[in-house]
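Chemist: Heads up: the protein sequence lines correspond to chains S and Z, in order. Using our numbering, you'd call the opening residue of the first sequence number 1 and step up by one each time. Using our numbering, you'd call the opening residue of the second sequence number 1 and step up by one each time. Pasting in a structure now, in structure tokens, and then I'll have a few things to ask.
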Amino acid sequence: MFEFCAEPKTLEGLAWLSCYLTTPKHMEFYFSFLTVLSLLAVAAPAALAFGFGGAMAARSHHAPVRWFGNIYTAMVRGVPDIVFFLFFVIALDQGIEWLTHQIRCPDWTQPIRQGLEFRVCPAAKVPPNNASHFAHQVYAFALAVLTFAIVFGAFAANVLKGAMDAVPRAQIETAEAYGMTQGQAFRRILVPQMWTYALPGLSNLWLILIKATPLLFLLGIQDIVYWARELGASKSARFDYPHPDWRLWYFLGLLIFYLLLTRLSEIVLARLSRRFSHGQATRAGEKMRRAAA
Amino acid sequence: MTCFETFQAYGLRSLGFGENLLPTTNITLCDQFVLIGSGLIWNLYFGILALAFGFFFSVGLALARASGNRWLRKPAEWFIFIFRGSPLFIQFFLIYFFVTTVLRGSVSVFGLFTIPTAWLANAWAGAALTLFLNTSAYAAEIFYGALMAVPKGDLEAADAYGISGKQRFFRIEWPTMLRLAWPAYTNEAIFLFHATTLVFVSGFPAFQQRGDALYYANYIADKTFNPFVPYPIVAFYFVCLTLLLIQGFGLVNRRLNRHLPSHRKSRIRLRPQLIR
Numbered sequence: 001m002f003e004f005c006a007e008p009k010t011l012e013g014l015a016w017l018s019c020y021l022t023t024p025k026h027m028e029f030y031f032s033f034l035t036v037l038s039l040l041a042v043a044a045p046a047a048l049a050f051g052f053g054g055a056m057a058a059r060s061h062h063a064p065v066r067w068f069g070n071i072y073t074a075m076v077r078g079v080p081d082i083v084f085f086l087f088f089v090i091a092l093d094q095g096i097e098w099l100t101h102q103i104r105c106p107d108w109t110q111p112i113r114q115g116l117e118f119r120v121c122p123a124a125k126v127p128p129n130n131a132s133h134f135a136h137q138v139y140a141f142a143l144a145v146l147t148f149a150i151v152f153g154a155f156a157a158n159v160l161k162g163a164m165d166a167v168p169r170a171q172i173e174t175a176e177a178y179g180m181t182q183g184q185a186f187r188r189i190l191v192p193q194m195w196t197y198a199l200p201g202l203s204n205l206w207l208i209l210i211k212a213t214p215l216l217f218l219l220g221i222q223d224i225v226y227w228a229r230e231l232g233a234s235k236s237a238r239f240d241y242p243h244p245d246w247r248l249w250y251f252l253g254l255l256i257f258y259l260l261l262t263r264l265s266e267i268v269l270a271r272l273s274r275r276f277s278h279g280q281a282t283r284a285g286e287k288m289r290r291a292a293a
Numbered sequence: 001m002t003c004f005e006t007f008q009a010y011g012l013r014s015l016g017f018g019e020n021l022l023p024t025t026n027i028t029l030c031d032q033f034v035l036i037g038s039g040l041i042w043n044l045y046f047g048i049l050a051l052a053f054g055f056f057f058s059v060g061l062a063l064a065r066a067s068g069n070r071w072l073r074k075p076a077e078w079f080i081f082i083f084r085g086s087p088l089f090i091q092f093f094l095i096y097f098f099v100t101t102v103l104r105g106s107v108s109v110f111g112l113f114t115i116p117t118a119w120l121a122n123a124w125a126g127a128a129l130t131l132f133l134n135t136s137a138y139a140a141e142i143f144y145g146a147l148m149a150v151p152k153g154d155l156e157a158a159d160a161y162g163i164s165g166k167q168r169f170f171r172i173e174w175p176t177m178l179r180l181a182w183p184a185y186t187n188e189a190i191f192l193f194h195a196t197t198l199v200f201v202s203g204f205p206a207f208q209q210r211g212d213a214l215y216y217a218n219y220i221a222d223k224t225f226n227p228f229v230p231y232p233i234v235a236f237y238f239v240c241l242t243l244l245l246i247q248g249f250g251l252v253n254r255r256l257n258r259h260l261p262s263h264r265k266s267r268i269r270l271r272p273q274l275i276r
């Protein structure tokens with residue numbers, strides 16, 4: 001990074017530290033914070049969408065759709081989420097390869113599961129065998145995002161279903177009395193009103209999602225936990241920057257990062273909550289109306 | 001091997017008894033059920049230990065947080081903030097690295113005597129300690145909320161009767177606090193048991209392949225390359241465990257609410273929106 005970093009062994013004190021903290025490996029470490037933030041940025045809306053779909057399915061008038069929705073929302077209740085993470089990441093990978101195998105190699109005669117192995121034809125490998133390292137990483141990240149979206153979608157579906165049920169029945173009846181169709185009542189009356197009921201649950205979910213992001217490490221992503229372990233491990237004199245086992249300090253850094261992230265979220269969510277309560281027929285909304293009047 | 005023989009060989013494998021070598025080829029359904037069930041012993045151990053000790057500590061923390069003395073209140077607030085605001089996964093790593101790099105086997109107290117600390121690097125102690133601290137923080141927040149929700153009238157009535165101090169706490173606040181907190185505390189207990197699956201995938205090594213349910217499921221999935229059997233088995237065990245917990249905590253809830261008219265009793269439901 002800096003000019004004087006050419007000979008790290010000769011450096012001392014602050015100069016050493018500034019060179020140490022700007023090695024290419026450390027740059028990758030800092031970059032991995034972006035990985036975590038981008039996971040949050042992508043997985044949160046995706047989970048919300050999954051949750052919305054799940055909640056709608058669970059309230060559907062068609063029995064099979066309703067069953068599917070109910071199973072999906074019940075899925076996360078009794079089982080640790082980490083089980084789903086470990087399961088989906090392999091299951092999705094194998095499922096995708098199986099599908100491409102069916103499409104690209106219809107004439108393949110050998111069984112896919114041979115004893116202890118899972119073998120699809122070479123053309124069906126996802127990503128392809130000759131793909132770059134970067135493509136593999138992007139694929140792994142996409143799988144991780146999908147896994148997060150499925151699991152947290154189930155949590156969100158629980159919250160959103162509760163919120164949809166909490167909107168006063170009279171509101172929908174009024175909408176119907178005005179001649180709105182079911183879809184119109186849903187879009188114009190139910191959805192705008194349900195957020196105030198959903199927000200406490202969704203805020204909680206957001207905080208849980210933040211705290212679940214280190215599990216990316218278990219899904220084989222080079223995230224902050226991976227780099228903290230790599231960089232913190234003791235480095236012998238062979239390395240440019242030898243140091244004893246510093247993993248404790250790296251993980252303390254991660255701890256502070258997460259504490260800041262949750263604190264910041266709490267502040268933003270409290271503001272959002274005030275905004276959503278505005279003009280609602282709830283206690284919080286009534287309080288705001290009185291205060292203004 | 002018949003299923004009974006498998007049970008004899010692997011039923012207590014997670015504690016180090018029975019067959020030493022884990023099955024590598026020809027892993028039958030019975031093997032998977034027995035091995036994963038054996039691992040569940042660790043989940044129960046961690047969960048029960050953390051819950052039992054955490055209950056008392058969390059009540060203490062909640063009281064400290066509600067206290068008027070800032071030397072009590074501030075540390076409690078910080079403790080709760082740190083353990084609730086950061087991922088358990090990171091906490092496991094931190095405690096493990098703290099024990100292995102800072103304590104390094106033993107601590108000397110003013111050079112007078114040394115306390116051996118090497119045992120804390122083992123999962124049975126270190127991970128249990130982490131889970132204990134973690135669940136205490138979450139439960140303390142629940143109990144603090146309940147303590148703040150004790151009806152004003154009850155306290156005024158206590159004052160009017162001249163009940164104060166310790167007596168006021170144990171006879172008026174404590175039963176109501178417990179009753180109000182119980183549904184949320186049930187949720188916390190369930191998610192604590194779920195959190196025990198993180199122990200062996202985080203820093204703590206599984207000594208001689210003695211791991212928990214998820215550790216063995218992961219092992220089997222790696223060996224057979226088929227996730228569709230072992231993970232649903234773990235899921236099955238945990239659903240059973242969750243139902244048992246709801247039953248058990250429901251009994252306590254009934255007892256806590258026994259003086260109330262039946263329409264005011266709160267039933268325990270698992271409410272995932274309340275999780276941790």
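Glycine included, C-beta positions come from ideal geometry on N, C-alpha and C. Note that the structure is a prediction, hence the values are computed from the model and not measured.
1) Looking only at its own chain, which residues have a Cβ that is under 6 Å from the Cβ of proline 272 of chain Z, when we skip the five neighbours before and after it?
2) Quick check: what's the CA-CA separation for alanine 43 of chain S versus leucine 146 of chain S?
3) Which of the residues in the stretch 86-117 of chain Z, read from start to end, lie with their CB under 7 Å from any CB of chain S?
4) Just the C-alpha distance for leucine 112 of chain Z and threonine 101 of chain Z, rounded to the nearest angstrom, thanks.
5) For alanine 221 of chain Z, which residues in chain S fall below 9 Å Cβ to Cβ?
6) How is arginine 113 of chain S classed by DSSP in three states: helix, strand or coil?
7) Whose Cβ in chain S lies nearer than 7 Å to the Cβ of valine 234 of chain Z?
8) How is threonine 114 of chain Z classed by DSSP in three states: helix, strand or coil?
9) Determine which residues of the stretch 229-246 of chain S have a Cβ less than 7 Å from any Cβ of chain Z, and write them out in chain order.
10) Can you tell me which of the three DSSP states phenylalanine 311 of chain S falls into?
11) Expressed to the nearest angstrom, what Euclidean distance is found between the alpha-carbon atoms of threonine 242 of chain Z and valine 150 of chain Z?
12) What in chain S is Cβ-close to leucine 214 of chain Z, meaning under 7 Å?
13) Of all Cβ atoms in chain Z, is any one closer than 8 Å to the Cβ of valine 79 of chain S?
14) Does any CB atom of chain Z fall closer than 8 Å to the CB of alanine 284 of chain S?
15) Aspartate 245 of chain S to leucine 231 of chain S, Cα distance in whole Å?
16) Using 10 angstroms around the beta-carbon of arginine 271 of chain S, count the other beta-carbons present and answer buried if the total reaches 16, otherwise exposed.
17) Expressed to the nearest angstrom, what Euclidean distance is found between the alpha-carbon atoms of phenylalanine 78 of chain Z and leucine 155 of chain Z?
18) Which residue or residues does DSSP assign as beta-bridge partners of histidine 133 of chain S?
19) Can you tell me whether valine 89 of chain S is buried or exposed, with buried defined as 16 or more other CB within 10 angstroms of its CB?
20) Distance, Cα to Cα, lysine 9 of chain S vs leucine 103 of chain Z?
21) Once DSSP output is grouped into helix, strand and coil, what is the label at histidine 101 of chain S?
22) Residues of chain Z with a CB under 8 Å from the CB of phenylalanine 118 of chain S: which are they?
23) Beta strand (DSSP E) containing aspartate 265 of chain S: first to last residue?
24) According to the Cβ coordinates, are isoleucine 41 of chain Z and leucine 21 of chain Z closer than 8 Å?
25) Within 10 angstroms of the Cβ of glutamine 193 of chain S, are there 16 or more other Cβ atoms? Answer buried if so, exposed if not.
26) Please report the distance separating the alpha-carbon of alanine 124 of chain S from that of proline 111 of chain S.
27) Listed from N- to C-terminal order along the chain, which residues in the stretch 200-223 of chain S have their beta-carbon within a distance smaller than 9 Å of any beta-carbon of chain Z?
28) DSSP has lysine 235 of chain S in a bridge; who is on the other side?
29) Please name the residue, chosen from S:Gly253, S:Val126 and S:Tyr197, that lies closest to arginine 274 of chain S on a Cα-to-Cα basis.
30) Is there a C-beta anywhere in chain S that falls below 8 Å from the one on isoleucine 82 of chain Z?
31) With DSSP collapsed to three states, give me the class of valine 229 of chain Z.
32) Find out if the Cβ-Cβ distance for the pair glycine 153 of chain S, glycine 54 of chain S is shorter than 8 Å.
33) Which residues bound the alpha helix (DSSP H) around serine 38 of chain Z?
34) Whose CA, out of S:Asp240, S:Arg119 and S:Ile208, lies closest to the CA of valine 151 of chain S?
35) For tyrosine 72 of chain S and chain Z, any beta-carbon pair shorter than 8 Å?
36) For leucine 255 of chain S, which residues in chain Z fall below 7 Å Cβ to Cβ?
Modeler: According to the structure shown:
1) Here the model assigns proline 272 of chain Z a pLDDT of 46, short of 50, so the residue's position is not dependable and the matter cannot be decided.
2) Take the alpha-carbon of alanine 43 of chain S and the one of leucine 146 of chain S: they are about 7 Å apart.
3) If the cut-off is 7 Å between Cβ atoms, the stretch 86-117 of chain Z has Ser86, Pro87, Phe89, Ile90, Phe93, Leu94, Phe97, Phe98, Thr101 and Val102 near chain S.
4) When rounded, the distance between both Cα atoms is 22 Å.
5) Those within 9 Å of alanine 221 of chain Z in chain S are Leu86, Phe87 and Ile90.
6) In the structure shown, arginine 113 of chain S adopts extended strand secondary structure according to DSSP, grouped into three states.
7) Under the 7 Å cutoff, chain S gives Val83.
8) Note: threonine 114 of chain Z maps to strand in three-state DSSP.
9) Residues passing the 7 Å Cβ filter: Asp245.
10) Since the first residue shown for chain S is 1 and the last is 293, residue 311 of chain S is missing from the structure and cannot be characterised.
11) In this structure, the straight-line span from the alpha carbon of threonine 242 of chain Z to that of valine 150 of chain Z is close to 29 Å.
12) The answer, in chain order, is Ile82 and Val83.
13) Closer than 8 Å: yes.
14) Closer than 8 Å: no.
15) Taking the straight line joining both Cα atoms gives about 9 Å.
16) By the Cβ neighbour-count rule, arginine 271 of chain S is exposed, with fewer than 16 other Cβ atoms within 10 Å of its own.
17) The sequence given here places tryptophan at residue 78 of chain Z; phenylalanine does not occur at that position. Rounded to the nearest angstrom, the gap between the Cα atoms of tryptophan 78 of chain Z and leucine 155 of chain Z is 28 Å.
18) For histidine 133 of chain S, which the question treats as bridged, DSSP gives no partner whatsoever.
19) Burial call: buried.
20) Distance between the alpha carbons of lysine 9 of chain S and leucine 103 of chain Z: 29 Å.
21) When DSSP states are grouped into helix, strand and coil, histidine 101 of chain S belongs to the helix group.
22) Neighbours of phenylalanine 118 of chain S across chain Z, judged by C-beta separation under 8 Å: Phe225 and Asn226.
23) Checking the sequence, you will find serine at residue 265 of chain S rather than aspartate. Not the beta strand (DSSP E): serine 265 of chain S falls in the alpha helix (DSSP H), residues 247-277.
24) Note that the C-beta distance between isoleucine 41 of chain Z and leucine 21 of chain Z is not below 8 Å.
25) When all chains shown are included, glutamine 193 of chain S counts as buried.
26) If I take the Cα positions, the gap works out to 14 Å.
27) Residues of the stretch 200-223 of chain S with a C-beta atom less than 9 Å from some C-beta of chain Z are Pro200, Gly201, Leu202, Asn204, Leu205, Leu207, Ile208, Ile210, Lys211, Ala212, Thr213, Pro214, Leu215, Phe217 and Leu218, listed in chain order.
28) For lysine 235 of chain S, which the question treats as bridged, DSSP gives the partners S:His243.
29) In this structure, S:Tyr197 is the residue among S:Gly253, S:Val126 and S:Tyr197 with its C-alpha nearest to the C-alpha of arginine 274 of chain S.
30) Answer yes: the Cβ-Cβ gap between isoleucine 82 of chain Z and chain S drops below 8 Å somewhere.
31) Note: valine 229 of chain Z maps to coil in three-state DSSP.
32) Yes, Cβ-Cβ distance for glycine 153 of chain S and glycine 54 of chain S is below 8 Å.
33) It spans 29-66 - the alpha helix (DSSP H) in which serine 38 of chain Z sits, taken as one unbroken run.
34) Nearest C-alpha to valine 151 of chain S: S:Ile208.
35) With its beta carbon at least 8 Å from every one in chain Z, tyrosine 72 of chain S lies outside the interface.
36) Within 7 Å Cβ-Cβ: Ser86, Ile90 and Leu94.
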